[in-house]
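Remarks on the structure that follows.
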Amino acid sequence: MTRLRRRTGTKELLQTLEERVVLQPKQYKGRWREVFGNDRPIHVELGMGKGRFISLMSLQHPEWNFIGIDMYDELIRKGSEKAEETREAWAAEHGGAEAPNNLRLALGNIEGIEEMFAPNEIERIYLNFSDPWPKTRHANRRLTHANFLTKYIDILNEDGEIHFKTDSRSLFEFSLNSFAEMELMMRNISLDLHAQGPAPNNVMTEYETKFSGQGVNIHRVEVIVGERAVARRRELTAAKKA
């Protein structure tokens, strides 16, 4: 893993970015709608890296609110820079219009995700290129381990879903088994997302752009968690069979 170099003054800078950066996310548990000032669905990326994915998603979908979470303050800093960069580009493309204010970046450890969000508070979780933790003894650290899935299920609402992408075949297989053992419904399973060229309606992360450019297969699956989402999926499946 590449060592992350922390720049001088990162902590102090983040303290000045309170409009977008949340340094103490646990204090907003159950109150994230107050942070955004509306009741739109909340989507969360766990382990946002440098922030490309969450920044672009927030601009493409102003109908949703987005939270990018990472445990490293330097990545929160990079994410805030990426958010500013993408918003300036968006404004230029839209005649100087103001970009949607629907993105927050939170500093926090995913192991304590249940301390940041109340039950049923969020609608979707994105897991993009999470650390595969390849050694068997580290399996419980994988973000698709049953210990984490139990927490996700609790904080996701009745429309809740988990969207998962990885370049690691072993992590993907482990994850599919984890979802199945938890009796979670899956759809749109792909072992090579970009086999026919860039997948439509897919926002790439920094890693995804790099790996797919090298010919590495990208694996993806959508996991349906919420009761209403499951019901819709079953109705759609039944209609196709009719």
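For the sequence shown, the residue numbers in this note's numbering are 28 to 269.
Where a beta carbon is used, it is the ideal one built from N, C-alpha and C, also for glycine.
Arg247 is bridged by DSSP to Lys192 and Ser217. Per DSSP, Ile94 is one residue of the beta strand (DSSP E) stretching across Asn92 to Asp97. DSSP places Glu108 within a helical segment (H, G or I) once states are collapsed to three. Within the model, the alpha-carbon separation for Leu220 versus Asn128 is close to 30 Å. Looking at the DSSP output, Glu72 bridges to Gly95 and Tyr153.
The Cβ atoms of Thr171 and Ser205 sit closer than 8 Å to each other. It is roughly 43 Å from the alpha-carbon of Asp100 to the alpha-carbon of Leu263. Inter-residue distance for Gln87 and Leu176 is about 27 Å (C-alpha atoms, whole angstroms). Rounded to whole angstroms, the gap between the alpha carbons of Gly74 and His121 is 30 Å.
The C-beta distance from Lys38 to Gly78 rounds to 18 Å, too long to fall under 8 Å, and the pair is not in contact. Counting along the chain, Leu132 sits inside the beta strand (DSSP E) bounded by residues Leu130 to Leu134. Under the DSSP assignment, Met84 falls in the alpha helix (DSSP H) whose first and last residues are Arg79 to Gln87. Here the C-alpha atom of Ile69 lies approximately 7 Å from the C-alpha atom of Ile94.
In this structure, the alpha-carbon of Arg169 lies about 8 Å from that of Leu198.
Cβ-Cβ distances below 8 Å link Met231 to Arg79, Phe80, Pro225 and Ser239 in the same chain, with the five nearest sequence neighbours on each side left out; the list follows chain order.
In the three-state reduction of the DSSP assignment, Gly139 falls in the helix class, which pools H, G and I. In summary, Pro161 is exposed, with fewer than 16 beta-carbon neighbours lying within 10 Å of its beta-carbon over all protein chains present. Judged by DSSP secondary structure, Gly57 falls outside any alpha helix (DSSP H); it is assigned neither H nor E. Counting other Cβ atoms within 10 Å of its Cβ, Thr236 stays below 16 and is therefore classed as exposed.
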